[in-house]
Structures are given as structure tokens and as C-alpha cells.
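Following the numbering used here, the numbering of the sequence shown begins with 3 at its first residue and continues without gaps. Here a beta-carbon is modelled for each residue, glycine too, at the ideal position from N, C-alpha and C. For clarity, every value in this text was computed on a predicted model and none was experimentally measured. Data block below; observations after.
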Amino acid sequence: MPPRQPWLLKLDELLRKLSLPLQAVATRHGSLLLWLDQGQPDSFVVSVTPRSSASQGWTTTDRFVVAYSGARDLDPRTQGWLSLIAGLLRRIEAKLPATFDRTDGVFAPYMLPEDRFLRLFPFCMVERSSIAGQEVVEVLIRATSLCNQRCPFCSAPDQDSPDHATLMDAIVDAASLFPGATLSLTGGEPTLRPDFAAELSGALAIENVRQVQVQTNAVAFASRLDPAAWEPSPRLMFFVSLHATDPDIYDRCTGTRGQLPVALEGMRRMIAAGHQVTLNCVVSSENLAHLPAYVQSLPGLLPIGDKVDLHFSSLICHERKPEASTFLVRYPELASTLERVASIAASLNVPVQSLLSSTHASLPACLLSEEYRLRSPHRPTLRQDETGFEDFDRPWVKALRCRDCVHADHCLGVPRAYGARFGLDELTPIREG
């Protein structure tokens, strides 16, 4: 995609004349950013910020503060890069814009479109998988870190919320780069954004978006937002957190008090408006024993029809929230409980998605019985640095014997925190099927 700001092309040209190993030059969140290849996994990043917005850095020019990240200490090479960049800025700064508020960039030809997109929009994530051999792409757009709940096991990062223009740029660019993808508006709680309604409508107006998914706790839809404002469509789906139907357990799982009736009212209004609704239950030590009663109570609480189904998620346990691992349930116990609960749900005509339907929040296939393992055609596409065999430097880990499993190419294993707490002895290679 060509840059939205033509002056970036000229700046990129001038920087490359300095023989810098430039990967990208971009404007984002009020700064001009330059990524340089230092021959390591992490780039050397130079940030240029108006002096009115930044107080300190490596050096200053008349208008800007120049800082860097990606290296603990400067060496002659990186110091030389900084000197060249600062010298160029001093020569041309009068021609640069007053602010760098637009999200835009120019990239080295070898950079993949997905890498370019994530450099510009670090609040996004791209997940790939396949269903029955067909690739599925989901772009998660983390619209805000604000939330009206405080789930103790939440996996959402703490990050700055993009402004409306930046979020819409991300939606438009995602639709262009990943035609036919699902765009998931998530958070935090995306409905807390002041422009949420316009952002959802804007995403739905883009024809080559296969589906827009709103990840929400439904509280806002009880009164403040009217789900009937959007026409029911296969292109719109609500993925709604419902971790318990017992008020006390719901309070513990969400860090709230008395919010369950409001959330249920929001869900009823979604269903009454004719929308597709998936109820997502994140399973932890707080609600594991409650799951049979949870499923049995659903038909009396919500009008379960052909547009409503149930999804179970296991804990992801991101390192940024180490206390989340205290809520883990050992996977053999979790697997047997989920299979029992899925059977109860079937007897009540409550549809349940495959227990392997998540990219990251599913159990390893080897923990499930063959009956439930074979029900899922879903196969995650693993990123190269995401998992390893007994490599605890990676966020996910598998046992060495997992190399012989037929699921090895698309199984993440267990979160590092799970492996550190419980070990890897539960993982058993599946030889066929």
C-alpha cells in the first residue's frame, strides 16, 4: 500500500542515501519511527518526537528529540547511525510536518505485508488457521485496554488505546491486506470506546471483510447500546464472555459485584435482535466445578436458538500477568470436565463448539478422547517463534516426545506458565488419526 503522506517517500529516499540498514520509516502515535536492521531479532528503533511532546533523548535538534530503543548500550555502529540521522534531521527539519499524528509508513521491499501492518498497528494481531484445509485469517484489533471488569486471569495487554482515525486506518488496511478475513474488535471492552458504534458500522461497510466479531461482556448492550441498531447478518457475530451463571462465581471471575443480571440482559437483547451470539466461558479453578450447573442453567436464563452456541476457553497465562497461573486447572481434569459438560449440553440442545476450536485457548489434542478430538477440523497455523520442544524461552512449550505426534505441526503445546507449574508429563503423542 502506498503511504498516505507522500513526504514519507522522500524521507525514506534521503535515509537510504545514507546507506542505513533501513527496514521501515513510519509515523505513529505522535512520533516518527525508524527501524534499522542490527542483525538481531529486535530492530534498532530511532524515535523522533516534537520537543513539545518529549523531554529527553539521545540528542535534540531545533524542533525534535531523538531517542532510541532496541539496544542496551550503543556501539560505534549504532552511534554512527544516530549521528547520521540527527544530521539529516537538522538539515531538513523545517520541511517536516509539525506533528506525526497520522499512522503511515514506507517499508523495505522484502518486508511481508503482515509485518508492515503490525509495525504500523501494534495493537493488532494476525492469527492464521485452517478448517478442513481452507485457510482462515483472523485479525484481532485490540481497540482499548479499558474494561468494566477485572478478570484476574485476563490475557489482554496493557497498552495505549488508538484514536478513532488510527483504528479506522487499521480496519481499512486489514481489509485490504487480508481480504476475506474476520476482524475481531476486542479489548479490554471495545464498547467503552466513545466511537464504538461508528467503528463497528465502518468495519461492516467494507465488502471484503468476511465477518466482524465483537468480543464483549454484553454489559453495554443492556441499555447504553442497542444491538438492534445493527441489522442481523452472517457478517456480524458477538463473542460474549459469560464465565458463570452463579452470581458469586461470576463476581469472582470478573472482579465485579452484582453485574451478572446486567450482562444477561445485554445478551438477551442481542439474541432478541436476531444476532449470532457465542457464549465464551473461560475455565479456571474458580468455575470448573460450576460448569455442569452452568450449562444446565443456560436454557432458563437465555433463549438458546439456532444462532446461539457455547465455547470453552482454557487460560493462556500471558507473562505480563503472572498471577493468572494460580487459576490454572490441570488439563486432564479440565478435559474430562469439558467432555462431560459437552455431553450435558447436547442433551439440552445447547450447541457447543469443538473443544479444539480456539487458536490459542484450546487444550492440546492429546488430552481429549478420540471422540472429541476427531470432531474438530480446526488446525492452528503456528508462528515460528511461538512454541518449541522443551524450550522454556518461548511462550508455549511441548515435550520432546511430541515431535512424533501427528498434531506436532499445528499444536502449540501448553503455556509456559502451565509447563513450569505442572510439567509436561501429561502430553502424549498421538500416532495416527
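Local conformation of residue i per DSSP, three classes
{"i": "residue 381", "result": "strand"}
{"i": "residue 387", "result": "coil"}
{"i": "residue 375", "result": "helix"}
{"i": "residue 144", "result": "strand"}
{"i": "residue 227", "result": "coil"}
{"i": "residue 358", "result": "coil"}
{"i": "residue 404", "result": "helix"}
{"i": "residue 238", "result": "strand"}
{"i": "residue 339", "result": "helix"}
{"i": "residue 409", "result": "coil"}
{"i": "residue 126", "result": "strand"}
{"i": "residue 253", "result": "helix"}
{"i": "residue 109", "result": "strand"}
{"i": "residue 62", "result": "strand"}
{"i": "residue 243", "result": "strand"}
{"i": "residue 276", "result": "coil"}
{"i": "residue 85", "result": "helix"}
{"i": "residue 178", "result": "helix"}
{"i": "residue 331", "result": "coil"}
{"i": "residue 259", "result": "coil"}
{"i": "residue 196", "result": "coil"}
{"i": "residue 9", "result": "helix"}
{"i": "residue 323", "result": "coil"}
{"i": "residue 298", "result": "helix"}
In DSSP terms, what residue i is bridged to
{"i": "residue 30", "result": "33"}
{"i": "residue 138", "result": "131"}
{"i": "residue 219", "result": "Answer by DSSP bridge pairing: none, since residue 219 is not bridged."}
{"i": "residue 49", "result": "35, 69"}
{"i": "residue 417", "result": "398"}
{"i": "residue 57", "result": "For residue 57, which the question treats as bridged, DSSP gives no partner whatsoever."}
{"i": "residue 22", "result": "None; residue 22 has no bridge partner."}
{"i": "residue 313", "result": "282"}
{"i": "residue 214", "result": "185, 238"}
{"i": "residue 203", "result": "Paired residue(s): none; residue 203 is not in a bridge."}
Whole-number beta carbon distance between residue j and residue i, since they are thought to touch under 8 angstroms
{"i": "residue 286", "j": "residue 155", "result": "5 angstroms"}
{"i": "residue 29", "j": "residue 106", "result": "5 angstroms"}
{"i": "residue 16", "j": "residue 90", "result": "6 angstroms"}
{"i": "residue 186", "j": "residue 138", "result": "Wrong, their Cβ atoms sit about 12 angstroms apart, outside the cutoff."}
{"i": "residue 420", "j": "residue 319", "result": "6 angstroms"}
{"i": "residue 397", "j": "residue 417", "result": "7 angstroms"}
{"i": "residue 346", "j": "residue 294", "result": "6 angstroms"}
{"i": "residue 278", "j": "residue 350", "result": "Not confirmed; about 20 angstroms, so no contact."}
{"i": "residue 315", "j": "residue 360", "result": "6 angstroms"}
{"i": "residue 356", "j": "residue 378", "result": "4 angstroms"}
{"i": "residue 437", "j": "residue 352", "result": "The displayed coordinates of the chain run from 3 to 435. Any statement about residue 437 would go beyond what the structure contains."}
{"i": "residue 210", "j": "residue 177", "result": "6 angstroms"}
{"i": "residue 193", "j": "residue 222", "result": "4 angstroms"}
{"i": "residue 422", "j": "residue 394", "result": "7 angstroms"}
{"i": "residue 163", "j": "residue 188", "result": "Not confirmed; about 12 angstroms, so no contact."}
{"i": "residue 94", "j": "residue 380", "result": "51 angstroms between Cβ atoms; not a contact."}
Straight-line Cα distance separating residue j from residue i
{"i": "residue 205", "j": "residue 226", "result": "20 angstroms"}
{"i": "residue 149", "j": "residue 258", "result": "11 angstroms"}
{"i": "residue 289", "j": "residue 157", "result": "17 angstroms"}
{"i": "residue 143", "j": "residue 80", "result": "33 angstroms"}
{"i": "residue 267", "j": "residue 236", "result": "22 angstroms"}
{"i": "residue 358", "j": "residue 92", "result": "56 angstroms"}
{"i": "residue 27", "j": "residue 6", "result": "13 angstroms"}
{"i": "residue 130", "j": "residue 296", "result": "31 angstroms"}
{"i": "residue 208", "j": "residue 182", "result": "10 angstroms"}
{"i": "residue 427", "j": "residue 406", "result": "15 angstroms"}
{"i": "residue 425", "j": "residue 399", "result": "10 angstroms"}
{"i": "residue 263", "j": "residue 272", "result": "14 angstroms"}
{"i": "residue 191", "j": "residue 232", "result": "18 angstroms"}
{"i": "residue 69", "j": "residue 31", "result": "15 angstroms"}
{"i": "residue 71", "j": "residue 4", "result": "27 angstroms"}
{"i": "residue 246", "j": "residue 276", "result": "23 angstroms"}
{"i": "residue 305", "j": "residue 313", "result": "16 angstroms"}
{"i": "residue 112", "j": "residue 172", "result": "21 angstroms"}
{"i": "residue 39", "j": "residue 67", "result": "22 angstroms"}
{"i": "residue 311", "j": "residue 19", "result": "57 angstroms"}
{"i": "residue 8", "j": "residue 109", "result": "13 angstroms"}
{"i": "residue 198", "j": "residue 77", "result": "46 angstroms"}
{"i": "residue 73", "j": "residue 45", "result": "9 angstroms"}
{"i": "residue 114", "j": "residue 260", "result": "47 angstroms"}
{"i": "residue 37", "j": "residue 24", "result": "6 angstroms"}
{"i": "residue 429", "j": "residue 375", "result": "14 angstroms"}
{"i": "residue 101", "j": "residue 403", "result": "54 angstroms"}
{"i": "residue 21", "j": "residue 48", "result": "16 angstroms"}
* Decide if the segment 210-227 is in contact with the segment 239-258; the criterion is three or more beta carbon pairs, one per stretch, under 8 angstroms apart. => yes
* **Inter-stretch contact at 8 angstroms, needing at least 3 Cβ pairs: the segment 331-344 / the segment 378-387** => no
* To do: Check whether the segment 399-415 touches the segment 354-373, counting contact only when three or more Cβ pairs, one atom from each stretch, lie closer than 8 angstroms.
  => yes
* Is the segment 48-63 touching the segment 79-88, taking contact as three or more C-beta pairs under 8 angstroms? -> yes
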